[in-house]
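K.L.:
Residue 2 is where the sequence shown starts when you use the numbering used here, and the numbers rise one by one after that.
Glycine is no exception: its CB is placed at the ideal position from the N, C-alpha and C atoms.
All values reported here derive from a predicted model rather than from experimental measurement.
Submitted below is the structure of interest, expressed as structure tokens.
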Amino acid sequence: MSRTDTATGRSASPYERALGGRITELHPTLQRYFASLPDGHVGRGEGVFDRAGSTHGWLRPVLWLLQPFGAVYAGAETAVPFRISNRLARGRVASERRFGFVRGEWIMRDSVGINRHGRLVDEVGAPAVVVASFDLDVRDGALLLTSRAVGIRVGRLRLRLPRVVAPVVRLREAFDERSGEQAVRVSIDAPVIGRIYEYRGRFRYRIEEVG
Numbered sequence: 002m003s004r005t006d007t008a009t010g011r012s013a014s015p016y017e018r019a020l021g022g023r024i025t026e027l028h029p030t031l032q033r034y035f036a037s038l039p040d041g042h043v044g045r046g047e048g049v050f051d052r053a054g055s056t057h058g059w060l061r062p063v064l065w066l067l068q069p070f071g072a073v074y075a076g077a078e079t080a081v082p083f084r085i086s087n088r089l090a091r092g093r094v095a096s097e098r099r100f101g102f103v104r105g106e107w108i109m110r111d112s113v114g115i116n117r118h119g120r121l122v123d124e125v126g127a128p129a130v131v132v133a134s135f136d137l138d139v140r141d142g143a144l145l146l147t148s149r150a151v152g153i154r155v156g157r158l159r160l161r162l163p164r165v166v167a168p169v170v171r172l173r174e175a176f177d178e179r180s181g182e183q184a185v186r187v188s189i190d191a192p193v194i195g196r197i198y199e200y201r202g203r204f205r206y207r208i209e210e211v212g
């Protein structure tokens, strides 16, 4: 269930609800990015990922299974143009990222909400095949997310991965004053193996009225 800000009449975004008063510690541009969208508006951005995907060839058969769902990409490229759109509905932020890979456009979709424990949860894919809950922190005006639990959904199967084998997902969203762009980095690290997937780059973001 979404929570409504009685002062404005709008639904609070899941990030606002998870951060509480700490949202004011974010850089002003990030406060705007993670706050609720006005009714009838969408957030849009364009930029370039310096690197996106996984360089581990042995992992690609697994990634191929997830790629059609819009969860992860089974390959790796540099200097990848991308576009992002964010929409708020029923207290959840639904995001769509369009990657301009050499092999063709690939779309990643996810939906962020709050679970019954008040923790931020990201459901990745359409339908969701990867689900992760996160701990949040704010440092030097940047938002940091670190996964607390990771699970897999395949049909009716719901499997929470044990901590000893579960990968750790980390996100850092910051604002670069020199370039005037948002900088994002998402990494996935597996126990013993290390880095198995990432995307990082910069983009410019705006909020505009739909239609």
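Return the bridge partner residues of S148 from the DSSP annotation.
P.N.:
DSSP, once it has assigned bridges, lists F135 as partnering S148.
K.L.:
Tell me whether P62 is buried or exposed, calling it buried when 16 or more other Cβ atoms sit within 10 Å of its Cβ.
P.N.:
exposed
K.L.:
Within the continuous alpha helix (DSSP H) that includes E17, where are the two ends?
P.N.:
15 to 20
K.L.:
Could you have a look at R45 and say whether DSSP puts it in helix, strand or coil?
P.N.:
strand
K.L.:
Shortest alpha-carbon distance to G92 belongs to which of Y198, D40, Q183?
P.N.:
D40
K.L.:
Can you find the residues in the same chain that come closer than 7 Å, C-beta to C-beta, to E47, ignoring five residues on each side of it along the sequence?
P.N.:
R84, F204, R205
K.L.:
Please state if the CB of F35 and the CB of S14 are separated by a distance shorter than 8 Å.
P.N.:
In this structure, F35 lies closer than 8 Å to S14 by Cβ.
K.L.:
Which residues does DSSP pair with A77 in a beta bridge?
P.N.:
G54
K.L.:
Is A8 buried or exposed, if buried means 16 or more other CB atoms sit within 10 Å of its CB?
P.N.:
Since pLDDT at A8 reaches only 42, below the 50 mark, its modelled position is unreliable, and the value read off the structure follows with that caveat. Classification for A8: exposed.
K.L.:
I think D123 touches D138, with their Cβ atoms under 8 Å apart; what is that distance to the nearest whole Å?
P.N.:
In fact, because the Cβ distance is near 16 Å, the residues do not count as touching under 8 Å.
K.L.:
Would you mind sorting V103 into buried or exposed? The rule is 16 or more other CB atoms within 10 Å of its CB.
P.N.:
exposed
K.L.:
Would G44 be called buried (16 or more neighbouring beta carbons within 10 Å of its own) or exposed?
P.N.:
buried
K.L.:
So what does DSSP say about R33, is it helix, strand or coil?
P.N.:
helix
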